[in-house]
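Trainee: Below: one structure in structure tokens.
Protein chains: 2
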Amino acid sequence: MIVLYELTGADDRRRFSPPVWRVRMALRHKGLAFEGRPWRFTEKETIAASGGGTVPVIVDGDAWVRENMAIAEYLEATYPEGPSLFRGPEGLALARFMVAWVDRTLALPVARLIITDIFSHLAEKDRAYFRESREKRFGCALEQVCTDPVAELASIRALLGPARRLAAEQPFLSGNEPGYADYALHGTFMWARMMSNKLTLADADPLAAWLARVDALHGGEALRALAAVGAA
Amino acid sequence: MIVLYELTGADDRRRFSPPVWRVRMALRHKGLAFEGRPWRFTEKETIAASGGGTVPVIVDGDAWVRENMAIAEYLEATYPEGPSLFRGPEGLALARFMVAWVDRTLALPVARLIITDIFSHLAEKDRAYFRESREKRFGCALEQVCTDPVAELASIRALLGPARRLAAEQPFLSGNEPGYADYALHGTFMWARMMSNKLTLADADPLAAWLARVDALHGGEALRALAAVGAA
Numbered sequence: 005m006i007v008l009y010e011l012t013g014a015d016d017r018r019r020f021s022p023p024v025w026r027v028r029m030a031l032r033h034k035g036l037a038f039e040g041r042p043w044r045f046t047e048k049e050t051i052a053a054s055g056g057g058t059v060p061v062i063v064d065g066d067a068w069v070r071e072n073m074a075i076a077e078y079l080e081a082t083y084p085e086g087p088s089l090f091r092g093p094e095g096l097a098l099a100r101f102m103v104a105w106v107d108r109t110l111a112l113p114v115a116r117l118i119i120t121d122i123f124s125h126l127a128e129k130d131r132a133y134f135r136e137s138r139e140k141r142f143g144c145a146l147e148q149v150c151t152d153p154v155a156e157l158a159s160i161r162a163l164l165g166p167a168r169r170l171a172a173e174q175p176f177l178s179g180n181e182p183g184y185a186d187y188a189l190h191g192t193f194m195w196a197r198m199m200s201n202k203l204t205l206a207d208a209d210p211l212a213a214w215l216a217r218v219d220a221l222h223g224g225e226a227l228r229a230l231a232a233v234g235a236a
Numbered sequence: 005m006i007v008l009y010e011l012t013g014a015d016d017r018r019r020f021s022p023p024v025w026r027v028r029m030a031l032r033h034k035g036l037a038f039e040g041r042p043w044r045f046t047e048k049e050t051i052a053a054s055g056g057g058t059v060p061v062i063v064d065g066d067a068w069v070r071e072n073m074a075i076a077e078y079l080e081a082t083y084p085e086g087p088s089l090f091r092g093p094e095g096l097a098l099a100r101f102m103v104a105w106v107d108r109t110l111a112l113p114v115a116r117l118i119i120t121d122i123f124s125h126l127a128e129k130d131r132a133y134f135r136e137s138r139e140k141r142f143g144c145a146l147e148q149v150c151t152d153p154v155a156e157l158a159s160i161r162a163l164l165g166p167a168r169r170l171a172a173e174q175p176f177l178s179g180n181e182p183g184y185a186d187y188a189l190h191g192t193f194m195w196a197r198m199m200s201n202k203l204t205l206a207d208a209d210p211l212a213a214w215l216a217r218v219d220a221l222h223g224g225e226a227l228r229a230l231a232a233v234g235a236a
């Protein structure tokens, strides 16, 4: 069975990494059996065979694969019989673009908004690592990263514009059916909701309806995870 | 024959509207005969039957269609026999997302960078309209819109990151073959190059190789237009 290493907080059920959520949804999408194994920031040794120090990492027989998009392409190539994550070169292009856009545009502002909430849910042994690495990245104390959460949320909602326009025109970002482009953005909302209540959408936002549709996919995979930590 | 109204400068050949270029390339892509008719900002009456005051507008028999994405979807539905602009729902999603991303992310910074060059190439009768409407939009004189072109260009190059990543992995933004997602971004570079020499890419930028590929499509449509105004 495939093993997926999943970043988690003090509570093993609080799996919160955005790119890990992309892979979890991709595995469900393809109907593949897997074991999601809790992993924490400081457990670098456990995944050293992957060639990197971050998750997602999967182990599939003898194969170690890391980095969410590489894993998605690996799953598609290795298990072509399951429902496709991309449905052709255009869908692959869409997924790649959505991943690049989320990673380069949204990841940092959302991190700023929820960073103290993330910290509060981490395992004790991860806290020093997280504080030190993030304070170096942001150039200030965690508590100073987001001084105006109202403005930060407004900015994030504005940044979501291109995805919002897509959600207003079609049921899924991938088109008529869900695909990896949906999971690319959905992971950001899982991250935010597993760790915080600050990233909200207006009720009338087309992205709110889209999010509810993705949350319900694959037997309510996302909803179950949120409920388990009291977040839904 | 389809008529396409195309925004132009003092020189009839200097057709520069980004969304009009998307439509011109889409018409070539589908192998449809058309007449590109020069149109200027202040000729609102000419296109009033479209229901709007901006181009692109096409007239196809009795049908007036406006707005680039609506025109692309109209062409795809009306002329299904030509090569597809989207190649399925995933390609349509990709095109919609690329259009939304370019319009919301790139259009304003590129406008800032080249706005005085645009002004210098306009027909005399369009200049007052352009100056007034753009100075209102930017809240300052045209000459004050971009005070640091070096920083603006660096910012635009950084904003292009998600498209650059796509260009590094596949020959066209649409996948293995060109499509509307390519024309969505290409129009921005046509706009910039028809009117200015300020929007440059580093030689090693994967987007430079992509741009050369799109420029050469459809018998060198873009190259011919650039050469006609001494821009290539």
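Listed in order, the protein sequences are those of chains B and G.
Residue 5 is where the first sequence starts when you use the working numbering, and the numbers rise one by one after that.
Residue 5 is where the second sequence starts when you use the working numbering, and the numbers rise one by one after that.
Ideal placement from N, C-alpha and C gives every residue a C-beta, glycine not left out.
Predicted model only: the values in this text are computed from it and were never measured.
How about Thr-204 (chain G): is its Cβ closer than 7 angstroms to a heavy atom in the ligand SAM?
Mentor: The ligand SAM is absent from the structure shown, which contains no ligand whatsoever.
Trainee: Does any C-beta atom of chain G lie closer than 8 angstroms to the C-beta of Leu-98 (chain B)?
Mentor: Closer than 8 angstroms to some Cβ of chain G, the Cβ of Leu-98 (chain B) qualifies, so yes.
Trainee: I want to verify the contact list: residues of chain G whose CB lies under 8 angstroms from the CB of Leu-146 (chain B), in sequence order.
Mentor: Going along chain G, no residue has its Cβ under 8 angstroms from Leu-146 (chain B), so there is no contact; the nearest lies around 26 angstroms.
Trainee: When you compare the CB of Glu-85 (chain B) with every CB in chain G, is at least one pair closer than 8 angstroms?
Mentor: Not closer than 8 angstroms to any Cβ of chain G, the Cβ of Glu-85 (chain B) fails to qualify, so no.
Trainee: How big is the Cα-Cα spacing for Asn-201 (chain B) and Trp-195 (chain B)?
Mentor: Spanning the two alpha carbons is a distance of roughly 10 angstroms.
Trainee: How would you label Thr-109 (chain G), buried or exposed, when you count the other beta carbons within 10 angstroms and need 16 or more for buried?
Mentor: Counting Cβ neighbours within 10 Å, Thr-109 (chain G) comes out buried, since at least 16 surround it.
Trainee: Taking the beta carbon of Ala-97 (chain B) as the centre, do at least 16 other beta carbons fall within 10 Å, making it buried, or is it exposed?
Mentor: By the 10 Å Cβ count, Ala-97 (chain B) comes out buried.
Trainee: Given a cut-off of 8 angstroms, decide if Arg-100 (chain G) and Arg-161 (chain B) are closer than it, judged by their beta-carbon atoms.
Mentor: Not closer than 8 angstroms, so no.
Trainee: Any C-beta of chain G within less than 9 angstroms: which residues of the segment 205-217 of chain B qualify?
Mentor: For the segment 205-217 of chain B, which is checked against every Cβ of chain G, not one residue is closer than 9 angstroms.
Trainee: For Gly-224 (chain B), does the three-state DSSP call read helix, strand or coil?
Mentor: Of the three classes helix, strand and coil, the one that applies to Gly-224 (chain B) here is helix, per DSSP.
Trainee: Cβ of Thr-12 (chain G) within 8 angstroms of Cβ of Pro-60 (chain G)?
Mentor: In this structure, Pro-60 (chain G) does not lie closer than 8 angstroms to Thr-12 (chain G) by Cβ.
Trainee: Relative to chain B, which residues along the segment 104-135 of chain G have a C-beta separation below 7 angstroms, given in chain order?
Mentor: Correct list: Ala-104, Trp-105 and Arg-108.
Trainee: Can you give me the start and stop residues for the beta strand (DSSP E) that Ile-51 (chain G) sits inside?
Mentor: Unbroken run through Ile-51 (chain G): none, as it is neither H nor E.
Trainee: Does any residue of chain G have a CB that is nearer than 8 angstroms to the CB of Leu-157 (chain B)?
Mentor: For Leu-157 (chain B), the answer is no, since every Cβ of chain G falls outside 8 angstroms of its Cβ.
Trainee: If the cut is a Cβ gap below 8 angstroms, which residues of chain G does Phe-193 (chain B) touch?
Mentor: Under the 8 angstroms cutoff, chain G gives no residues; its nearest Cβ is about 17 angstroms from Phe-193 (chain B).
Trainee: Which partner residues does Gly-179 (chain B) have in the DSSP bridge list?
Mentor: Its beta-bridge partners are B:Phe-176.
Trainee: Would you say the segment 17-33 of chain B touches the segment 50-70 of chain B, given that touching needs at least three Cβ pairs under 8 angstroms?
Mentor: The answer is yes - the segment 50-70 of chain B touches the segment 17-33 of chain B, with three or more Cβ pairs under 8 angstroms.
Trainee: Is it the case that the segment 120-127 of chain G contacts the segment 112-130 of chain B, given that we only count it when at least three CB pairs across the two stretches are under 8 angstroms?
Mentor: No, the segment 112-130 of chain B is not in contact with the segment 120-127 of chain G.
Trainee: To the nearest angstrom, report how far apart Thr-151 (chain B) and Pro-113 (chain B) are at their CA atoms.
Mentor: When rounded, the distance between both Cα atoms is 12 angstroms.
Trainee: Would Val-103 (chain G) pass as a contact of Met-73 (chain G) if the rule is Cβ separation under 8 angstroms?
Mentor: Cβ distance < 8 angstroms, so Val-103 (chain G) and Met-73 (chain G) count as in contact.
Trainee: Helix, strand or coil for Val-7 (chain B), going by three-state DSSP, please let me know.
Mentor: In this structure, Val-7 (chain B) counts as strand in the three-state DSSP scheme.
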